[in-house]
Amino acid sequence: MRPVTAAVLRSPDGPFELADLQLDDPRPDEVVVRTEAVGICGTDLEFASMTATPAVLGHEGAGVVEQVGADVEDLKVGDRVTRTFARCGTCRSCSARAFAYCERFWEYNFIGTRPDGSTALRDTDGAPVNGHFLGQSSFASHTLARRTSVVRVPDAMDLSVSAPFGCGFQTGAGGVLNVLGPTPGSSIAVFGAGAVGAAAILAAVVAGCEKIIAVDVAQSRRTQALTLGATDAVDAGEGLAERVRDLAGGGVDFAVDTTGRAEVLRAAVEALAPLGTCGVIGVGASAEMSFEWRSILNGRTITGIIAGGGVPEEFLPRLIDLHLEGCFPVDTLLTRFPFARIDDAIAELRAGRVGKAVLMFD
Ligand SMILES: [Zn+2]
Ligand SMILES: [Zn+2]
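The numbering used here applies: residue 8 is where the sequence shown begins, and numbers increase by one.
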């Protein structure tokens with residue numbers, strides 16, 4: 008048991024209260040990570056409205072291993088790590104190494120406790136506090152993690168830059184590189200150019216896409232997309248699918264939707280060339296999607312993608328190497344805030360004034 012400082016959500020959509028909590032010792036397959044930096048992702052904001060409270064959210068944590076469980080042999084105290092989602096490791100999906108599609112993903116990541124109902128966080132009066140959010144709950148100075156949701160980070164990598172790699176950047180870049188797999192010279196449209204979309208654009212550059220069309224309602228994000236390597240940037244709105252199709256000479260080979268909005272996904276599918284594939288990455292905005300029957304003929308594919316669809320312990324080191332080589336310059340997307348200013352950081356995110364907010368511990 009150790010004292011930790013955490014940002015606790017006491018009521019849905021309430022402010023985050025900085026509080027002293029107690030964190031249990033790690034189980035045999037767990038480690039304790041001292042958080043140095045944690046990104047804020049759209050999923051944190053979404054769950055802040057619907058999660059059972061009191062709760063600690065946060066799922067883009069990076070830091071240093073402070074204690075290892077008895078069965079953890081390949082990590083040691085002092086290792087620098089970044090974090091990603093938790094998985095069961097034994098279901099059909101996990102056996103096929105499709106970890107992002109773990110059949111028990113919900114239980115391992117979103118119920119506020121471990122799958123067995125236990126929680127590792129307690130208020131000073133001993134009352135349980137929900138945690139284990141996406142396998143971590145990193146809005147806290149120290150957190151527990153299962154060994155399989157921790158990835159080692161090389162010394163040359165800034166931990167605050169690595170923090171969003173485990174969710175937002177992995178989601179955008181992995182969707183393109185792991186799932187869509189565009190060949191050099193192909194065309195792609197990225198709908199929604201926030202942090203996830205920006206990572207998708209950078210990945211499209213890495214893949215050698217010739218035409219990279221960014222779509223966003225915000226001029227600032229369209230301008231940023233062009234600096235990241237998009238060849239075109241268009242506003243959403245009237246005739247969107249047709250405008251994107253025209254820019255790509257009759258339709259794009261690939262599309263990525265990061266917005267989760269029904270009308271945007273519909274345009275993304277309609278913007279595809281015959282045999283094109285649309286990756287659905289965005290979640291939450293619309294509960295149902297609809298398409299005209301003609302728009303999903305012509306060999307088009309629509310595929311849902313969680314967390315970039317890859318194997319985190321392989322894909323995250325690859326993405327970090329790309330960053331260190333200068334080919335995945337996501338540091339320009341970050342705005343850092345002291346941890347205590349979490350509510351200000353969320354307000355800036357909601358207002359669209361920052362792309363990716365990262366909270367820093369001293
Ligand atoms: Zn996330
Ligand atoms: Zn599983």
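Just so it is clear, CB atoms sit at the ideal spot from N, CA and C, and this is done for glycine as well.
If you compare the alpha carbons of L254, R153 and I303 with that of R273, the shortest gap goes to I303. Per DSSP, the beta bridge partners of E37 are R153. In the structure shown, F146 adopts coil according to DSSP, grouped into three states. Residues close to ligand 1 by the beta carbon criterion (under 5 Å to any non-hydrogen atom) are, from first to last along the chain, C48, T50 and C174. Among the bridge pairs identified by DSSP, S194 is matched with K218. In the structure shown, T12 adopts extended strand secondary structure according to DSSP, grouped into three states. By the criterion of a C-beta distance shorter than 6 Å, A147 is surrounded in its chain by V11, A13 and V63, once the five residues flanking it on both sides are discounted. Short of 6 Å from the beta carbon of P171, and not among the five residues preceding or following it, lie these beta carbons of its own chain, in chain order: G46, E67 and K363. Cβ-Cβ distances below 7 Å link G256 to nothing in the same chain once the five nearest sequence neighbours on each side are left out.
For T126, the three-state secondary structure derived from DSSP is coil. Nearest C-alpha to N185 among G311, G192, V75 and A26: G311. Pairing V203 with V79, the inter-Cα distance amounts to about 32 Å. Relative to A352, the option among S156, H149, L52 and M8 whose CA is nearest is L52. Placement of the Cβ of C334 at a distance of 6 Å or more from every heavy atom of ligand 2 is found. Annotation for R273 indicates a beta carbon at 6 Å or more from all heavy atoms of ligand 2.
In this structure, the CA atom of T60 is about 14 Å from the CA atom of A26.
Fully contained in the segment 17 to 95 are the following beta strand (DSSP E) runs of length 3 or more, in chain order: 23 to 30, 37 to 46, 67 to 75 and 87 to 90. Checking the 6 Å criterion, the Cβ of C285 is out of range of every heavy atom belonging to ligand 2. Checking the DSSP bridge columns, you'll see V241 partnered with V222. By the criterion of at least three beta-carbon pairs nearer than 8 Å, the segment 206 to 213 is in contact with the segment 232 to 239. DSSP, reduced to helix, strand and coil, places V212 within a helical segment of the structure shown.
In this structure, L28 sits near V136, with a CB-CB distance shorter than 7 Å.
At a threshold of 6 Å, C216 does not count as near ligand 2, since its beta carbon sits no closer than that to any of the ligand's heavy atoms. V259 places its beta carbon 7 Å or farther from that of R159. Listed as beta-bridge partners of A364 by DSSP are T342.
Taken through DSSP and simplified to helix, strand or coil, P336 comes out as coil. The DSSP-derived three-state label of R121 is coil. In this structure, T91 sits away from G179, with a CB-CB distance that is not shorter than 7 Å. If the five residues before and after E277 are omitted, its C-beta is found closer than 6 Å to the C-beta atoms of A248 and S302, all from its own chain and listed in chain order. For the 7 Å CB-CB criterion, G289 and D264 form a contact. The shortest C-alpha to C-alpha distance from I349 to any of D338, G333, L331 and F368 is the one to F368.
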